[in-house]
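Protein chains in written order, with the numbering used here: chain A, 0 to 218; chain B, 238 to 539.
Written out below as structure tokens is the structure these notes cover.
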């Protein structure tokens, strides 16, 4: 059963730039897929289309059977509550502690406070930041901020985890750690899509790799 | 349902924390709101007190018929009969001239006056309470009664009552206009306050939206904040009006005593206070709803 399905999807921006051109593919439930390609190949756009941050110009994007391109704006939040997003630029809030940052998705869904605290601690423990829970994220290193972002993306146990260049600015050892984290989420049943431009990193894992160039499959 | 209640409780708590965490900013906008409420409120209370006092004086106007000195008991009886059967007269009371003199002397402590006067100078009189009617009809009744046979004159001081009534009416209209203007101000002040708050938390709102926050989730704390401010401002204005009344009433009572009247500004009743709270809360929440709506649309367009 497919979790994510693209049917002849094109995304063009004003000015006629086509970020994605007539792309069709599927990602099965529980699968882990890598997105490879140079910057500008359309990796970020593809991930944004899945999360409904961007809408397809033509074609359909189906997520768990739902047609994302046809969703009303008011329905998008409920789609996103089932998706974990790891952003290239982290999007961490520096006006609150590490703990409060990870708490945010649970607040949005409206989790019971006690249960939330347990989950936040579990997520922070998983990424190795439990000891920093009271710290302000401004004091975290780049790698730590990335892991904080991952903790926030998985704390509500989403069905899908999307990560946009999570290893972009990290050294190899650190990158391997992060990839290992994604694999462990995948092992408990989460569908994972990770984009990166470093294919050597992906090769180690033996997962399917979707290669993009100029918005199309690279040949 | 429970879930929604839980989300509301959380937003209400968050709004309360915001209020307490920014005491100065909250206080300033609170004072602004309270001022905007105080002006129409003060005018309302003044006009209401005046209307109350005026109606006590003038809603049951009386017409006094003074009979001619030559009127004998048959004339008096005929007049009494006419008044009794008159459709517009609710009640009439005959005041014989002797009694009128006695009452006059008793009221003014003028014992021994009769000796000086020799004869009772007062005429027989009827005190008439007309039925409820507009001032113009009262005027017509007054004219009709003065035309009765053997009636010397009919006294009815309607002029000042009419002036008072039109003044009160003007005051009431002014209150409505002022209430509308300052109600609008309430919405605008809150709109501005909430707009600044939303802009200050733009990053948080953008991230929240990316990870699945609905617009109502984002709006809720701001709307609760506005509601608190509105309610607090209403309470402040209410308390302020009570303080002003307490300050002003001794002077008003003093002034009224000079005219042999008891007059006082009345405070807001409990139900009026409740209404004030409700209206202030609704208007400020409306301001917050408009501000968040506008900014969320703007963010979606970006």
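Using N, Cα and C, we set each Cβ at its ideal position, and we do this for glycine too.
Note that this is a predicted model, so its numbers are computed, not measured.
Start and end of the alpha helix (DSSP H) containing residue i?
i	result
residue 239 of chain B	239–258
residue 317 of chain B	310–322
residue 141 of chain A	141–153
residue 455 of chain B	452–495
residue 70 of chain A	From DSSP, residue 70 of chain A is part of no alpha helix (DSSP H); its letter is neither H nor E.
residue 443 of chain B	439–447
residue 184 of chain A	171–186
residue 129 of chain A	Where residue 129 of chain A is concerned, there is no enclosing alpha helix (DSSP H), given that its DSSP letter is neither H nor E.
residue 527 of chain B	507–538
Do you know how far the Cα of residue j is from the Cα of residue i?
i	j	result
residue 19 of chain A	residue 45 of chain A	7 Å
residue 389 of chain B	residue 383 of chain B	7 Å
residue 65 of chain A	residue 83 of chain A	17 Å
residue 106 of chain A	residue 246 of chain B	12 Å
residue 256 of chain B	residue 262 of chain B	9 Å
residue 140 of chain A	residue 168 of chain A	11 Å
residue 274 of chain B	residue 146 of chain A	51 Å
residue 290 of chain B	residue 485 of chain B	16 Å
residue 401 of chain B	residue 304 of chain B	30 Å
residue 269 of chain B	residue 511 of chain B	20 Å
residue 212 of chain A	residue 265 of chain B	57 Å
residue 299 of chain B	residue 530 of chain B	60 Å
residue 138 of chain A	residue 421 of chain B	46 Å
residue 49 of chain A	residue 455 of chain B	23 Å
residue 342 of chain B	residue 475 of chain B	48 Å
residue 30 of chain A	residue 151 of chain A	21 Å
residue 319 of chain B	residue 356 of chain B	29 Å
residue 483 of chain B	residue 465 of chain B	27 Å
residue 489 of chain B	residue 404 of chain B	19 Å
residue 340 of chain B	residue 359 of chain B	11 Å
residue 54 of chain A	residue 198 of chain A	28 Å
residue 248 of chain B	residue 477 of chain B	30 Å
residue 504 of chain B	residue 409 of chain B	17 Å
Assign residue i to one of three DSSP states: helix, strand, or coil.
i	result
residue 204 of chain A	coil
residue 367 of chain B	strand
residue 81 of chain A	coil
residue 101 of chain A	helix
residue 284 of chain B	helix
residue 118 of chain A	helix
residue 87 of chain A	coil
residue 362 of chain B	strand
residue 38 of chain A	coil
residue 430 of chain B	helix
residue 345 of chain B	helix
residue 373 of chain B	helix
residue 289 of chain B	helix
residue 385 of chain B	coil
residue 156 of chain A	coil
residue 402 of chain B	helix
residue 335 of chain B	helix
Go ahead and label residue i buried or exposed: buried means 16 or more other beta carbons lie within 10 angstroms of its beta carbon, across all protein chains shown.
i	result
residue 155 of chain A	buried
residue 148 of chain A	buried
residue 462 of chain B	buried
residue 130 of chain A	exposed
residue 239 of chain B	exposed
residue 480 of chain B	exposed
residue 164 of chain A	buried
residue 216 of chain A	exposed
residue 86 of chain A	buried
residue 136 of chain A	buried
residue 361 of chain B	buried
residue 459 of chain B	buried
residue 518 of chain B	buried
Considering only DSSP beta bridges, list what residue i is partnered with.
i	result
residue 17 of chain A	A:11
residue 4 of chain A	A:25, A:61
residue 215 of chain A	A:212
Start and end of the beta strand (DSSP E) containing residue i?
i	result
residue 302 of chain B	300–304
residue 44 of chain A	No beta strand (DSSP E) holds residue 44 of chain A; the alpha helix (DSSP H) holding it covers 42–50.
residue 161 of chain A	159–163
residue 34 of chain A	31–35
residue 327 of chain B	326–332
residue 390 of chain B	388–392
residue 195 of chain A	190–195
Step through the CB atoms of chain E and report whether any lies within less than 8 Å of the CB of residue i.
i	result
residue 76 of chain A	Any reference to chain E falls outside this structure, whose protein chains are A and B.
For the ligand PLP, is there a heavy atom less than 7 Å away from the beta-carbon of residue i?
i	result
residue 494 of chain B	In terms of ligand content, the structure shown is empty, and the ligand PLP therefore cannot be addressed.
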